[in-house]
Amino acid sequence: MSSSKSAPPPLPEPLAVAVADSHTHLDMQDGTPEEGLAKAAAVGVTTVVQVGCDLPGSRWAAELAAAHEQVWAAVALHPNEAPRIVHGDSDGWSGQRRAPGGAAALDEALAEIDALAALPQVRAVGETGLDYFRTGPEGVAVQHDSFRRHIAIAKRHGKALVIHDREAHDDVLRILEEEGAPERTVFHCYSGDAAMAKVCADRGYYMSFAGNVTFNSAQPLRDALAAAPLDLLLVETDAPFLTPAPYRGRPNAPYLIPVTLRAMAKVKGVPEDELAAAVAANTARAFDY
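Those letters in the sequence shown? Residues 381 to 669, per my numbering, in order.
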């Protein structure tokens, strides 16, 4: 018997209005993707955006989206992945030691992301952006270069840009301004404060909130959610990470979206169905499906 800490949380009450999980990693979750999609659909989560973080994950996302009409794909090199490719690192997504590849290896990887981004089932380039939490100062220049090139890929193919922003708010916003943000830009797992939410709203950037908005320590995040306009809000799991309270620490999956959405509705002071309808429309608009 698995302990309650490792056991999957129970299925929540289904949503009356179907929504999308705007950011998930089915390849990192237990069970088959088909099982995960079925559990999600049973509670009203009828669409998911499967997000790649490296080349194998991006290929897998594109293949899954081609095989399932309720799945769309996003493809990219995660901000932590770009320095690994250039400098070499044993802490990649696969956990395998990687020899330094240099700038040519990054060029080659980005060329494949560019090709994948052209596919019709791929609706976004991401998750890309900046992460100063896991990558030290030696990786910053590579991250900036990779981020700028992902922005160009998204614009070239008319796809949404999905941003990973960890402890890098000012630089992310600055680079988006310098390069010119794509028409549809999504801050995945939004982590800024209310002031930054107003900047994002002014620029028309979507803000996607994950299960951490339910954490006791996350009042600044709830303040940001309160400040964000209804027509720019998305909801996501980032599963298997960021499982919402009261299940924090247990495996996350798309079927837990209703838990986060209900918490968001309370913060916004709107009925659950109204928020669900807005989120569903926003996600379809953001990812152009």
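Virtual Cβ for every residue (Gly too), placed ideally from N, Cα, C.
Predicted model, so just to flag it, every value in this text is computed and none were measured.
Minimum length 3: unbroken beta strand (DSSP E) runs contained in the segment 474 to 516: You should have 502 to 511.
Take I531 as the anchor and find which of R564, R546, P517 and H549 has the nearest alpha-carbon. By 1-based counting over the sequence shown, the position of residue 531 is 151. The shortest Cα separation from I531 among R564, R546, P517 and H549 belongs to R564.
Given 8 Å, three or more beta-carbon pairs between the segment 415 to 433 and the segment 390 to 405: Three or more Cβ pairs closer than 8 Å define a contact, and the segment 415 to 433 meets that threshold against the segment 390 to 405.
Whole angstroms is fine: what's the gap from Q523's alpha carbon to V552's? The residue labelled residue 523 in the question sits at position 143 within the sequence shown. The residue labelled residue 552 in the question sits at position 172 within the sequence shown. Their backbone Cα atoms lie some 11 Å apart in a straight line.
I'd like to confirm the pairing. Which residues does DSSP put opposite Q599 in its beta bridges? By 1-based counting over the sequence shown, the position of residue 599 is 219. In the DSSP assignment, Q599 forms no beta bridge with any residue.
Which same chain residues, not among the five before or five after Y570, have their C-beta less than 7 Å away from its C-beta? Along the sequence shown, read from residue 1 onward, the residue named residue 570 stands at position 190. Excluding five sequence positions before and after Y570, the CB atoms of its chain that fall closer than 7 Å to its own CB belong to M587, S588, F589 and A604, given in chain order.
What are the residues that DSSP puts in a beta bridge with R748? In the structure as shown, the chain starts at 381 and stops at 669, and residue 748 therefore has no counterpart that could be examined.
Pick helix, strand or coil for P651, following the three-state DSSP scheme. Numbered from its first residue, the sequence shown carries residue 651 at position 271. Three-state result, P651: coil.
Note down, in chain order, each residue of its chain lying with its Cβ closer than 8 Å to the Cβ of P391, except the 5 sequence neighbours on either side. In the sequence shown, counting from the first residue as 1, residue 391 sits at position 11. Here residue 391 is Leu; the residue named in the question, Pro, does not match the sequence. Shown here for L391: same chain residues with a beta carbon closer than 8 Å to its own, the five before and five after excluded, namely K419, A422, V423 and Y635 in chain order.
Is it buried or exposed for T594, if we count other Cβ within 10 angstroms and need 16 for buried? As a position in the sequence shown, residue 594 is number 214, starting the count at 1. T594 comes out buried.
Opposite M644 in the DSSP bridges: which residues? Within the sequence shown, numbered from 1, the residue matching residue 644 stands at position 264. Paired residue(s): none; M644 is not in a bridge.
Express the C-alpha separation of A484 and E616 in angstroms, rounding to a whole number. For this step, residue 616 is matched to residue 236 along the sequence shown. For this step, residue 484 is matched to residue 104 along the sequence shown. Each residue's CA atom was taken as its position, placing E616 and A484 some 34 Å apart.
Mind checking whether A548 and L541 have CB atoms under 8 Å apart? Working through the sequence shown from its first residue, we reach residue 548 at position 168. Working through the sequence shown from its first residue, we reach residue 541 at position 161. No, the pair does not count as a contact, with Cβ atoms beyond the cut-off.
Buried/exposed call for F667, threshold 16 Cβ in 10 Å: Translated into the one-based positions of the sequence shown, residue 667 becomes position 287. It counts as buried.
Grab me the residues of G591's own chain with a C-beta within less than 6 Å of its C-beta, minus the 5 sequence neighbours each way, in chain order. Residue 591 sits at position 211 when you count from the first residue of the sequence shown. So the list reads L622, T623, P624 and T640, once near-sequence residues are dropped.
Run through the segment 561 to 625 for me and flag every whole beta strand (DSSP E) of 3 or more residues, listed as ranges in chain order. With a minimum length of 3 residues, the continuous beta strand (DSSP E) runs that stay inside the segment 561 to 625 are 565 to 567, 586 to 589 and 613 to 615.
To the nearest angstrom, report how far apart D487 and P480 are at their CA atoms. Along the sequence shown, one-based indexing puts residue 487 at 107. Along the sequence shown, one-based indexing puts residue 480 at 100. Taking C-alpha positions only, D487 is separated from P480 by approximately 13 Å.
Beta-ladder partner(s) of A454, from DSSP: As a first step, residue 454 is located in the sequence shown; it is residue number 74 there, counting from the start. Looking at the DSSP assignment, A454 forms a beta bridge with V431 and A504.
Taking the alpha carbon of G584 as the reference point, which residue from E518, R602 and L614 has its own alpha carbon closest? Translated into positions along the sequence shown, residue 584 becomes position 204. It is L614 whose Cα lies nearest to the Cα of G584.
Starting from H676, follow the alpha helix (DSSP H) in both directions and report where the run begins and ends. A question about residue 676 goes unanswered here, because the residues of the chain that appear run from 381 up to 669.
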